[in-house]
Amino acid sequence: LEYIDYNMHSYAEYNIGPWYQYILVIILALIPPISFFLIFGFFYAFIKAWRKYLLIFLPVLLFLIFHSYYPGKQERFILPLIPFFIIAGTAGWYYFLQKSRFWAGKMALLRSSWGFFWLINIILLLVISTTYSKRARVESMCYLSKYQDIDNIMVENSNKDGINLLPMYYLGQWAGYGEINNTRPASVVGTWYKENYLNMPDFVIFEGEKNIEYRLAEVKKVFPDIVYETTVSPGMIDRILFWLNPINENQNMYIYRNTQSRPHKIE
5 LEYIDYNMHS YAEYNIGPWY QYILVIILAL IPPISFFLIF GFFYAFIKAW RKYLLIFLPV
65 LLFLIFHSYY PGKQERFILP LIPFFIIAGT AGWYYFLQKS RFWAGKMALL RSSWGFFWLI
125 NIILLLVIST TYSKRARVES MCYLSKYQDI DNIMVENSNK DGINLLPMYY LGQWAGYGEI
185 NNTRPASVVG TWYKENYLNM PDFVIFEGEK NIEYRLAEVK KVFPDIVYET TVSPGMIDRI
245 LFWLNPINEN QNMYIYRNTQ SRPHKIE
């Protein structure tokens with residue numbers, strides 16, 4: 005019930021997609037034509053032997069209908085369904101094959117379809133196993149980890165009303181960090197630092213290149229001693245995920261160093 009309540013009230017926080025989005029995800033994730041075989045088998049098993057397959061068919065179908073109905077969508081929401089869909093679809097497909105005259109004479113085509121399926125899966129496995137997502141954020145923290153005793157970091161993204169959380173584990177130390185966004189501009193942040201007698205940030209990280217010159221000028225009014233340090237770009241997986249779904253943010257991270265507290269760049 006809590007899961008349903010959360011989805012009812014928090015859907016606007018996620019990408020709004022069409023009702024058929026998860027059907028397309030299943031088709032692509034399971035790789036055609038095998039995905040079509042499994043979809044057919046999923047429904048065939050229930051139609052022909054519903055008592056036998058009801059226990060697995062009904063929860064999967066209800067889960068898919070529930071998430072297809074609510075507008076907030078991300079691919080990860082449907083992942084728990086995939087293993088059970090494969091089990092039911094495979095059982096139904098092979099149940100169908102035992103009775104199909106058409107496929108009895110097309111075994112070479114069937115083997116070729118499965119061969120294509122495994123070839124694509126092996127290639128994707130090799131690629132995905134040697135890469136990772138959110139590379140720009142992770143590598144930004146790895147880059148800054150060579151600087152010891154960082155007091156705090158400022159993250160700027162005034163293009164929206166919040167920032168992405170920093171993976172502090174890769175920094176190797178627990179530094180505080182603040183944010184500048186479109187509801188909390190640089191001028192407000194600068195005043196807050198002065199009124200609370202806080203140390204100026206050692207580094208300022210700008211998320212994304214949109215309006216970067218204007219954003220940099222605004223931040224320099226508050227922290228005039230920052231200088232460009234480096235740029236960290238997203239990885240291949242991030243670019244692919246962004247292409248598949250723009251909610252998977254794909255941004256360069258521009259790191260600036262505050263020469264007031266960090267006068268020298270460490271190579």
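Sequence positions in the sequence shown follow the numbering used here and run 5 to 271. All C-beta atoms in this analysis are idealised placements derived from N, C-alpha and C, irrespective of residue type, glycine included. Computed from a predicted model, the values in this text were never measured in an experiment.
Item, Value
"For Phe88: DSSP bridge partner residues", "Beta-bridge pairing links Phe88 to no other residue."
"Proximity of Ile270 and Lys150 at Cβ, strictly below 8 Å", "yes"
"Where Gly212 sits in the DSSP three-state scheme", "coil"
"Cβ distance (whole Å) where Ser162 is taken to contact Pro205 below 8 Å", "The Cβ separation is near 15 Å, so there is no contact."
"Own chain partners of Asn156 with C-beta closer than 8 Å, once the 5 adjacent residues on each side are dropped", "Ala179, Gly180, Tyr181, Gly182, Leu202, Asn203, Pro205 and Asp206"
"CB contact flag (Ile230, Tyr258, <8 Å)", "no"
"Alpha-carbon spacing of Ile30 relative to Glu217, whole angstroms", "42 Å"
"Residue environment, Asn186, which counts as buried when at least 16 other CB atoms sit within 10 Å", "exposed"
"Three or more C-beta pairs below 8 Å linking the stretch 35-43 and the stretch 81-88", "no"
"In DSSP terms, what Ile259 is bridged to", "Ile209 and Thr234"
"Separation of Phe81 from Tyr24, as counted between CA atoms", "14 Å"
"Beta-carbon proximity of Val226 to Ser191, cut-off 8 Å", "yes"
"Proximity winner among Leu42, Val193, Val64 and Ser137, relative to Leu114 (alpha-carbon distances)", "Leu42"
"Continuous alpha helix (DSSP H) stretch holding Gly109: start and end", "That residue, Gly109, is in no alpha helix (DSSP H); it is neither H nor E in DSSP."
"Start and end residues, alpha helix (DSSP H) containing Glu79", "Glu79 to Ile82"
"Neighbour-count burial assignment, Gln255, 16 or more Cβ in a 10 Å radius", "buried"
"Member of Val223, Met240 and Tyr48 whose CA lies at the smallest distance from the CA of Trp97", "Tyr48"
"Residue span of the alpha helix (DSSP H) that contains Met172, given as start and end", "No alpha helix (DSSP H) holds Met172; DSSP gives it neither H nor E."
"Cβ pair Val64, Ala92 closer than 8 Å", "yes"
"Selected residue, minimal CA-CA separation from Leu170, among Thr134, Arg219, Glu211 and Ser104", "Glu211"
"Candidates Val193, Ile124, Glu213 and Phe44: closest to Thr235 by CA position", "Glu213"
"Residue span of the beta strand (DSSP E) that contains Met158, given as start and end", "Asn156 to Asn161"
"Beta-carbon contacts of Phe50 that lie in its chain and below 6 Å, excluding the five residues immediately before and after", "Tyr57 and Phe61"
"For Gly45 and Leu32, the rounded distance between their alpha carbons", "17 Å"
"Length of the line joining the Cα atoms of Cys146 and Phe120", "39 Å"
"Option nearest Phe40 by Cα separation, candidates Leu245, Ser117 and Gln177", "Ser117"
"Contact test: Pro84 Cβ vs the ligand ZN heavy atom, cutoff 7 Å", "For the ligand ZN, the structure offers nothing, since it holds no ligand at all."
"Element boundaries [beta strand (DSSP E), containing Glu183]", "Gly180 to Asn185"
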